[in-house]
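Undergrad:
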Amino acid sequence: MKYQDIITIEPGKRGGKPCIRGMRITVYDVLSYLASGMTPEELLADFPYLTKEDILACLSYAADREQQMVAVHE
Numbered sequence: 926m927k928y929q930d931i932i933t934i935e936p937g938k939r940g941g942k943p944c945i946r947g948m949r950i951t952v953y954d955v956l957s958y959l960a961s962g963m964t965p966e967e968l969l970a971d972f973p974y975l976t977k978e979d980i981l982a983c984l985s986y987a988a989d990r991e992q993q994m995v996a997v998h999e
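Start counting the sequence shown at 926; every next residue gets the next number (this note's numbering).
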């Protein structure tokens, strides 16, 4: 998944946190909902402006960030 087309970072929006398609919902928001037990289907129902691809982009972004952190500490 190429998250770079979906995840945006704008200095004046949400404190420069990574957001989805320029909206005010952050990658952290989506990951937090998923981590709390919300299913992707529930997330999509509660936030109809999100897509399955948005959720996958958040997961891909998080995986990439984790890989970057591991590489820094090696």
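Where a beta carbon is used, it is the ideal one built from N, C-alpha and C, also for glycine.
Source: prediction; values computed, not measured.
Near I931, what residues of its chain come up, given a Cβ to Cβ distance below 7 Å and the 5 sequence neighbours on each side ignored?
TA: Within the sequence shown, residue 931 is the residue found at index 6, counting from 1. Counting only Cβ-Cβ distances below 7 Å, and skipping sequence neighbours, we find I945, R946, E978, D979, A982.
Undergrad: When you measure from the CB of F972 to every non-hydrogen atom of the ligand MG, does any distance come out below 7 Å?
TA: Looking for the ligand MG in the displayed structure turns up nothing, as the structure carries no ligands at all.
Undergrad: In terms of residues, what are the limits of the alpha helix (DSSP H) holding L956?
TA: Indexing the sequence shown from 1 puts residue 956 at position 31. Unbroken alpha helix (DSSP H) run through L956: 952–960.
Undergrad: Check I980 in the structure and name its three-state DSSP category.
TA: Residue 980 sits at position 55 when you count from the first residue of the sequence shown. The answer is helix: DSSP assigns I980 an H, G or I state.
Undergrad: Go ahead and label V952 buried or exposed: buried means 16 or more other beta carbons lie within 10 angstroms of its beta carbon, across all protein chains shown.
TA: Here residue 952 refers to the residue found at position 27 of the sequence shown. V952 should be labelled buried.
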